[in-house]
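Below you'll find the structure, written out as structure tokens, and then a few comments.
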Amino acid sequence: FYLTVTGGKSFNTIINNLRELKNTDINFKINIRNNFHPKTDIDNFIKFLQKEFSGDLRFNVYFRPVGQWGGENDENLEVCKGKEANKIMLEADMKAVKQGLPIVTLNEFLQPLGSICYAAKPHSLVIGADGTLYKCTVALESDFNKIGKINKNGDLDIDYDKYALWILNEAEEDDVCQKCFFRPSCHGSACPLVRIESGTRPCPKEKESIKEVLKILWEQHKKFPGKAAEPMTVGNMD
Ligand code: SF4
Numbered sequence: 007f008y009l010t011v012t013g014g015k016s017f018n019t020i021i022n023n024l025r026e027l028k029n030t031d032i033n034f035k036i037n038i039r040n041n042f043h044p045k046t047d048i049d050n051f052i053k054f055l056q057k058e059f060s061g062d063l064r065f066n067v068y069f070r071p072v073g074q075w076g077g078e079n080d081e082n083l084e085v086c087k088g089k090e091a092n093k094i095m096l097e098a099d100m101k102a103v104k105q106g107l108p109i110v111t112l113n114e115f116l117q118p119l120g121s122i123c124y125a126a127k128p129h130s131l132v133i134g135a136d137g138t139l140y141k142c143t144v145a146l147e148s149d150f151n152k153i154g155k156i157n158k159n160g161d162l163d164i165d166y167d168k169y170a171l172w173i174l175n176e177a178e179e180d181d182v183c184q185k186c187f188f189r190p191s192c193h194g195s196a197c198p199l200v201r202i203e204s205g206t207r208p209c210p211k212e213k214e215s216i217k218e219v220l221k222i223l224w225e226q227h228k229k230f231p232g233k234a235a236e237p238m239t240v241g242n243m244d
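As numbered in this note's numbering, the sequence shown has no gaps in its residue numbers, which increase by one up to the final residue, 244.
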């Protein structure tokens with residue numbers, strides 16, 4: 007939940023809007039993303055979510071660590087990183103499922119093409135306020151991510167060398183990707199930024215923790231048999 011532009015708090019407004027939606031019979035799916043840091047009381051927050059949304063499969067939850075995504079305040083942020091963050095995240099997912107809150111995004115990540123980042127998709131572009139075209143929504147300061155401009159008449163001027171960096175990954179030549187059990191979901195493109203910047207394979211955390219992921223999905227299947235499995239979106243939601 008974000009602060010408003012004027013610094014006001016948005017938590018109650020968002021929760022009240024979700025409650026209003028819950029009281030309708032509209033057919034929708036909402037994924038409630040919950041960001042955590044080392045001091046977040048996740049157990050308590052799951053209890054709150056359970057009280058509000060459990061039993062209504064239109065609401066799904068998922069958990070992600072607060073990250074240092076750039077800016078002056080980065081160094082002051084306390085964040086959970088790497089394996090520790092992944093462990094907390096998967097534990098939170100399991101607790102949520104046990105409290106009757108579906109984690110549909112995990113199903114989506116395991117679908118064919120489900121772990122490919124939008125930045126790796128040919129038709130996905132970000133248009134900046136000044137008309138600059140980007141592929142990635144994170145590396146906004148990086149020159150290789152500024153791939154062109156949109157003109158006033160709507161035409162796109164694209165630097166195809168930069169564009170190719172994002173959509174032509176090296177999974178076709180990567181021996182490890184070619185033998186990987188996770189390739190149908192990832193195609194070596196879970197995060198093209200990682201490959202571009204470091205030349206390393208951007209294996210998604212769902213692959214690294216596949217046993218825990220499958221345990222959560224099994225628990226979810228037992229809790230909501232056949233009901234919580236329909237994918238809502240296809241694509242990496244990191
Ligand atoms: S999970 Fe890793 S090794 Fe497997 S296809 Fe994706 S990037 Fe390649």
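Heads up, the beta-carbon is just placed ideally off N, CA and C, and yes, glycines get one too. Computed from a predicted structure; not experimentally measured.
| query | result |
| --- | --- |
| Can you tell me which of Y140, V110, F69 puts its alpha carbon nearest to the alpha carbon of E97? | F69 |
| Report all residues from its chain with a CB closer than 8 Å to the CB of I38; omit the five preceding and five following residues, and keep chain order. | L24, L55, F59, F65, N66, V67, Y68 |
| Within the same chain, show all residues whose beta-carbon is closer than 7 Å to that of F187, passing over the 5 residues directly before and after it, in chain order. | none |
| Could you name the residues of the same chain whose beta carbon sits closer than 6 Å to that of K15, not counting the 5 residues immediately before and after it, in chain order? | none |
| Helix, strand or coil for G88 per DSSP? | helix |
| For Y166, which of I122, E147, Y140, E176 has the nearest alpha-carbon? | Y140 |
| For R25, is the beta carbon positioned less than 7 Å from some heavy atom of ligand 1? | no |
| Go ahead and pull the three-state DSSP assignment for R25. | helix |
| With DSSP as the reference, label I202 as helix, strand or coil. | helix |
| Return yes when the C-beta of F115 is under 7 Å from any heavy atom of ligand 1, and no when it is not. | no |
| Quick one: grab the DSSP three-state call for R39. | strand |
| Could you please give the first and the last residue of the uninterrupted alpha helix (DSSP H) stretch that includes T138? | Not the alpha helix (DSSP H): T138 falls in the beta strand (DSSP E), residues 138-140. |
| In chain order, what residues of the same chain have a beta carbon less than 7 Å from the beta carbon of I133, not counting five sequence neighbours either side? | L139, I156 |
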